[in-house]
Amino acid sequence: MNPVSSPADRDPIVRVSCVRHTYPDRTLVHLCGLDFVVERGQRVVILGPNGCGKSTLLYHILGLLEPQEGEVSVFGVNPARHFNRIRERVGVLLQSVDEQIIAPTVWDDVSFSPRNYGYRDDEVSRMVEEALERVGIAHLRHRVCHYLSGGEKRKVALAGALVLKPELLVLDEPFEGLDPASRADLVALLNQLHRDHGVSLVTATHDVNVVNAMADVVYVLVGGGEIVAHGSPGEVFRDPALLRNSNLEPPVLAELFERLEKHGLALGRPLSLDDAARALLEWGSRTARISHGLAAPTASGRADQSSLPLGESGPRPDAIRERE
Numbered sequence: 001m002n003p004v005s006s007p008a009d010r011d012p013i014v015r016v017s018c019v020r021h022t023y024p025d026r027t028l029v030h031l032c033g034l035d036f037v038v039e040r041g042q043r044v045v046i047l048g049p050n051g052c053g054k055s056t057l058l059y060h061i062l063g064l065l066e067p068q069e070g071e072v073s074v075f076g077v078n079p080a081r082h083f084n085r086i087r088e089r090v091g092v093l094l095q096s097v098d099e100q101i102i103a104p105t106v107w108d109d110v111s112f113s114p115r116n117y118g119y120r121d122d123e124v125s126r127m128v129e130e131a132l133e134r135v136g137i138a139h140l141r142h143r144v145c146h147y148l149s150g151g152e153k154r155k156v157a158l159a160g161a162l163v164l165k166p167e168l169l170v171l172d173e174p175f176e177g178l179d180p181a182s183r184a185d186l187v188a189l190l191n192q193l194h195r196d197h198g199v200s201l202v203t204a205t206h207d208v209n210v211v212n213a214m215a216d217v218v219y220v221l222v223g224g225g226e227i228v229a230h231g232s233p234g235e236v237f238r239d240p241a242l243l244r245n246s247n248l249e250p251p252v253l254a255e256l257f258e259r260l261e262k263h264g265l266a267l268g269r270p271l272s273l274d275d276a277a278r279a280l281l282e283w284g285s286r287t288a289r290i291s292h293g294l295a296a297p298t299a300s301g302r303a304d305q306s307s308l309p310l311g312e313s314g315p316r317p318d319a320i321r322e323r324e
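Numbering-wise (the UniProt record's numbering), the sequence shown opens with residue 1 and increments by one.
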C-alpha cells in the first residue's frame, strides 16, 4: 500500500488530480492526497464511509461536475467540457435505480439510450437483446419495471448502462439495499463483464465485505474527500487500523486474524473464508502432529517449532507447547 505517492502511469483511462469542489451549501470536498488513477482493464473500488466524497469523485469522472480546482481526464479529455466525445464509452449505475429507470417496461428502458442516439430500429432491437442476455434478464423484457424486485431493477439499470457497450462502467453504491444473495449475484455478474468483455470497473462503496471479490485496486477516502491510501485488497485489509481511522469497519476476517496475531498466533491475513479455513485447518494439523510427537525432532530431541504455526511471522502463542 502506498500512502504517499500515486500509482505509476500505465495508459490510464481515468486520472483525477487534487480536485476541489464546493457545493452551494458550502460543503467542501477536496479530493487530494493521492491521484486517482484507473488503468485500462482494471477493477477499481473507491472505499469510504457515507459522506466522504465518493459520489463527488464519480460525478467528476462522469462530467456531471467540473472541478473548481485540479484536473480530471477521462479517455484523454475533460469529461465536463467534452462529454459528447466519451458518452458512449462510459456507462453508469446510480445508487438509486428508481431514479435511473425512466420507462414503464424493461424493454423500453433499456432501449432508451440507443434510440436517443439515433440508432435504427433493427440495431436497437439487437443491442437491447444483447444487453438483456449479458445480465441474464431476457425473460423480463416485457415486464413492468415498477413490479420488479430490487435486485431485478438493479439488473435492468445495469443492462441500460451496458447497452452501448461502454469501455468503462461507473457504479455508485451498487449493493445498497440488496440482500446477500442478490449482492453475490451482482458481484459475479460484474466480474463476468470484466472477464469476458474487458469492461473496466470503478465502484464506490462502503461495503468492505465485497471488496476482495471485485477489486484489483482499492482507494480509501476519508471525510472531506482526502485519498489516504491505495493498494490491493490484501494490502489495504492488512491494516485494520487504517480502516478504523477512516470510519470503516474492517472485514470480520481481518479483525479475527488481527486478534489472533496479537495473542501470538500469526496465521497471516487471509481475505476469503476458504483461505481462512485452510490456514486454520493446516495450523490445527500441525498442532496435532506436535501433540503426538510426529514433528521432526531437533538435535535437542524436541519437535521442530519452525513448522508451527502457519503464518507470515510472529511468536508462537504461550499456550502451545510441544510435549516433553
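Beta carbons: idealized from backbone N, C-alpha and C, even for Gly.
The three-state reading of DSSP puts L94 in coil, since its state is none of H, G, I, E or B. Distance between F36 and K155, taken at the CA atoms: about 28 Å. Spatial neighbours of V38 in its own chain (CB-CB distance under 7 Å, excluding positions within 5 residues in sequence) are listed in chain order as P12, I13, V14, V44, S200, V202.
Distance between V124 and V74, taken at the CA atoms: about 27 Å.
Here V187 has V210, A213, M214 as same chain residues with Cβ atoms under 7 Å from its own Cβ, once five neighbours each way along the sequence are excluded. In summary, D121 is exposed, with fewer than 16 beta-carbon neighbours lying within 10 Å of its beta-carbon over all protein chains present. Here R89 has F75, P166, E167, L168 as same chain residues with Cβ atoms under 7 Å from its own Cβ, once five neighbours each way along the sequence are excluded. Rounded to whole angstroms, the separation of the alpha carbons of L178 and V106 is 19 Å. Straight-line spacing of the CA atoms in R126 and V77 works out to 30 Å. Within a 10 Å sphere around the beta-carbon of Y23 sit fewer than 16 other beta-carbons, which makes this residue exposed.
Leaving aside the five residues that flank A138 on each side, the residues in its chain whose CB is nearer than 6 Å to its CB run, in chain order, L132. Distance from E249 to V208 at the Cβ level is roughly 7 Å; contact confirmed, criterion being Cβ atoms closer than 8 Å. S182 sits in a helix when the DSSP states are folded into three classes. Listed in chain order, the non-local C-beta contacts of R238 below 6 Å within the same chain comprise R269, local neighbours out to five positions each way being set aside. If you ignore the 5 residues before and after F175, its C-beta comes within less than 7 Å of the C-beta of R183, L186, T205, D207, V210, all in its own chain and listed in chain order. When DSSP reads this structure, V211 sits in no beta bridge, so it has no partner. In the DSSP annotation of this structure, F36 is not part of any alpha helix (DSSP H); the continuous beta strand (DSSP E) holding it starts and ends at 36-39. DSSP, read as helix, strand or coil, puts L65 in coil.
Annotation: F112 to H146 spans about 17 Å, alpha carbon to alpha carbon. Non-local beta-carbon contacts of A161 in its own chain, meaning distances under 7 Å to residues more than five positions away in sequence, involve G91, V92, L93, L169 in chain order.
I46 carries a strand assignment under DSSP once its states are collapsed to helix, strand and coil. Between V19 and H82, the gap from beta carbon to beta carbon reaches 8 Å or more. In this structure, H21 places its C-beta atom within 8 Å of the C-beta atom of Q68. The alpha carbon of G284 has as its nearest neighbour, out of V218, L267, Y117, the alpha carbon of L267. Fully contained in the region 143-185 are the following alpha helix (DSSP H) runs of length 4 or more, in chain order: 150-162. Going by beta carbons, C52 and G231 fall outside the 8 Å limit.
Rounded to the nearest whole angstrom, the C-alpha separation of V135 and G33 is 37 Å. In the DSSP assignment, G33 falls outside any beta strand (DSSP E) and carries neither an H nor an E. In this structure, the CA atom of L243 is about 42 Å from the CA atom of D108.
The three-state secondary structure of H197, taken from DSSP, is helix.
Counting only the Cα atoms, R143 lies some 18 Å from E99.
If you draw a straight line from the Cα of R195 to the Cα of D216, it is about 12 Å long. E258 carries a helical assignment under DSSP once its states are collapsed to helix, strand and coil. In this structure, the straight-line span from the alpha carbon of G41 to that of P79 is close to 19 Å.
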